[in-house]
Amino acid sequence: MRILLIEDDTVLGAAVRDQIAGDGQSVDWVTRLDAAGDAMAGAAYDLVLLDLMLPDGRGIGFLKTLRARGDVTPVIILTALDQVSDRIEGLNAGADDYLVKPFDLSELSARIGSVARRYTGNPNPIISHGALEIDLAARSIRRDGKLIALTAREWALFEALLSRPGQLLSKAQLEEKLYAFDAEVESNTIEVHVSRLRKKLGSAIIETERGMGYRLGKP
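Numbers given in the working numbering equal positions in the sequence shown, counted from 1, plus 8.
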């Protein structure tokens with residue numbers, strides 16, 4: 009997934025960024041609402057993490073604007089505002105979840121996964137693909153009961169394909185899902201990850217349309 013983090017607290021922002029990156033996801037971090045607007049105009053995000061009190065305005069207004077223009081990107085609010093009225097306001101404005109600071113970073117990862125699964129239409133964290141049993145919550149894959157170890161990047165690439173079964177994703181689209189704006193990406197990075205996934209999960213797990221992109225292989 010590619011995630012936009014809107015948070016002006018530099019210590020918390022760095023911790024959240026590192027947690028998301030450690031999960032193998034791509035994250036762009038901005039500290040102002042105007043920068044968030046520019047980021048969303050330039051990239052397609054799978055999820056937004058939104059602070060409510062920012063230097064140039066309230067996150068609630070930003071969220072209402074997104075929803076008013078028909079943007080359905082999942083949004084999780086991260087805030088120190090812990091009153092029931094604050095939660096109600098955030099959820100009524102269109103937030104998908106509401107997490108009060110301070111929070112455990114592992115819980116944040118779990119909530120991100122839960123919201124993402126709901127948006128892909130499969131809230132069940134355990135799914136099957138041929139002989140593979142995939143646990144989306146634990147970010148693990150088993151074949152015949154045996155755990156197959158994937159790196160964070162390999163998992164992120166596999167998850168991107170798994171979330172769009174049958175859909176062809178270009179190399180550029182996959183790079184956008186895996187890497188932030190300022191990341192240095194070598195030209196053959198996606199090909200390397202695809203090759204490693206095929207070795208671990210089977211040669212038919214990913215199909216290639218030469219010059220076009222990749223799709224998840226049929227079970």
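C-beta atoms are modelled at their ideal positions from N, C-alpha and C, and glycine is treated no differently.
Nearest C-alpha to residue 170 among 84, 205, 107 and 187: 205.
DSSP, reduced to helix, strand and coil, places residue 217 within a strand of the structure shown. Here the alpha carbons of residue 221 and residue 158 stand approximately 21 Å from one another. If only uninterrupted alpha helix (DSSP H) runs of at least 4 residues are considered, those enclosed by the stretch 20 to 85 are 41 to 50 and 67 to 76.
Fewer than three beta-carbon pairs drawn from the stretch 114 to 121 and the stretch 173 to 182 are found closer than 8 Å, and the two stretches are therefore not classed as touching. The shortest C-alpha to C-alpha distance from residue 63 to any of 51, 200 and 44 is the one to 44. Between residue 144 and residue 125, the C-beta spacing is below 8 Å. The Cβ neighbour count for residue 185, taken over all protein chains shown within 10 Å, is at least 16; the residue is labelled buried. Where residue 161 is concerned, the enclosing alpha helix (DSSP H) starts and stops at 160 to 170. The alpha carbon of residue 37 has as its nearest neighbour, out of 108, 116, 72 and 22, the alpha carbon of 22.
Between residue 81 and residue 106, the C-beta spacing is not below 8 Å. Taking a C-beta distance under 8 Å as the contact criterion, residue 51 and residue 10 qualify as a contact pair. 72 is the residue among 134, 72 and 223 whose C-alpha sits nearest the C-alpha of residue 104. Excluding the 5 residues flanking it on each side, residue 102 has same chain C-beta neighbours closer than 6 Å at 71 and 75, in chain order. The beta carbon of residue 140 sits closer than 6 Å to those of 149 and 151, all from its chain and outside the five residues before and after it, given in chain order. Rounded to whole angstroms, the gap between the alpha carbons of residue 83 and residue 109 is 16 Å. With fewer than 16 other Cβ atoms inside 10 Å of its own Cβ, residue 203 counts as exposed. Apart from sequence neighbours up to five positions away, the residues of its chain that approach residue 29 with a beta-carbon distance below 7 Å are 35, ordered along the chain.
When beta bridges are read from the DSSP output, residue 151 appears opposite 140 and 154. With 16 or more other Cβ atoms from the protein chains shown falling within 10 Å of its own Cβ, residue 87 counts as buried. According to the DSSP secondary-structure assignment, residue 108 is paired through a beta bridge with 87.
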